[in-house]
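When you read off a place in the sequence shown, starting at 1, and then add 5, the result is the number in my numbering.
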Amino acid sequence: MSSCRIERKRAHDREAQRASRAKTKAKIEHLEKTVKDLTEASGNNRTNYLAQHASEQAQEIDTLQNLVTKIRTLINDATKPEAGQPAITAAPKSEDDSPESATDFTNSAHTNKARSNSSSSASPSEDQWDPPEASKTNERELKPIARAASSTRNLMVLGVNMLCENTDDNSYSTRLNQALERVEQTPDNLSNEDEDQDILVRAMVFGWDAAERVHHFDIGWRFLRALDEGLWWRAGACERFANTWQMRNTL
């Protein structure tokens, strides 16, 4: 290789090294400038984050206030007397309301009670005897069960029974998870947030049938109705409302 070619190669290498150093220096300067800008803007970013978070909280509060207003409106509409229904007024006091009349009525009631007791003690029958306390207890226990079992058609969701009975069956958690998986795999959520609020308020105030007459229930709402009527019917209205709203937001 001639000395001229060697010299040209060395000059080319020196030029390439200078270009590489210049590029590296430019990158370092760019990174330093970026770090400086980010450091200066960190305080502003924190302020912007707090402002955005406060705005989101305000929107959520407004949503809850609107929901409470709807609940109050529906409750007021439900408690108002129907049009044309006569108002209940106190009956005018008559002579029969005098103390003497009340005393006579009380005496006659005691007399009738004594007669009924004597007749019942004269002819006791085990077949007709029903302890009052036991019958009241049984009625209280059977009312919720009858309430849940009365709508069996609405407790089936995608082939899964959502009724939680007072038995030794411990498969409810498995059935609940199975129903959740099937609901999540079914793209049928059609209602928006306003419709969801109206559905839930109507369901808690007037009942699920009344809400379904006004709105179409997608698969998510059919699942929530089955869950409420199959499990949460033991709870109060506030607990049912909170649980159903939380579940709807997660579906």
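Even for Gly, the Cβ is constructed at its ideal location relative to N, Cα and C. It should be emphasised that the depicted structure is a prediction, and the values quoted were computed from it without experimental measurement.
| Item | Value |
| --- | --- |
| Quick one: is Arg245 buried, meaning 16 or more other Cβ sit within 10 Å of its Cβ, or exposed? | buried |
| Could you pull the start and end residues of the alpha helix (DSSP H) that Phe222 belongs to? | Counting along the chain, Phe222 falls outside any alpha helix (DSSP H), and DSSP gives it neither H nor E. |
| Closer than 8 Å by C-beta to Met252: which residues in its own chain qualify, once you throw out the five before and the five after it? Chain order, please. | Leu229, Leu232 |
| Name the DSSP beta bridge partners of Val165, please? | Val162 |
| Output the boundary residues of the alpha helix (DSSP H) element that contains Phe246. | 242-255 |
| Residue range of the alpha helix (DSSP H) that Ser176 falls in? | Counting along the chain, Ser176 falls outside any alpha helix (DSSP H), and DSSP gives it neither H nor E. |
| By the three-class DSSP mapping on this structure, what secondary structure does Gln190 have? | coil |
| Is Ser196 helix, strand or coil when you go by DSSP? | coil |
| Closest to Trp226 by C-alpha separation, out of Trp238, Trp213, Leu236, Trp237, would be which residue? | Trp213 |
| Let's test the definition: count the other Cβ atoms within 10 Å of the Cβ of Glu61 and tell me whether it reaches 16, buried, or not, exposed. | exposed |
| Could you have a look at Leu236 and say whether DSSP puts it in helix, strand or coil? | coil |
| Just to confirm, is the Cβ distance from Val188 to Leu256 under 8 Å? | yes |
| Going along the chain, which residues of its own chain have a beta-carbon closer than 8 Å to the beta-carbon of Val210, five neighbours each way excluded? | Ile76, Leu79, Ile80, Ala83 |
| Here's the rule I'm using: 16 or more other beta-carbon atoms within 10 Å means buried, otherwise exposed. How should Arg23 be labelled? | exposed |
| Can you give me the C-alpha to C-alpha distance between Thr52 and Val206, rounded to a whole angstrom? | 38 Å |
| Considering Cα atoms alone, identify which of Glu186, Arg15, Ile224 is closest to Leu160. | Ile224 |
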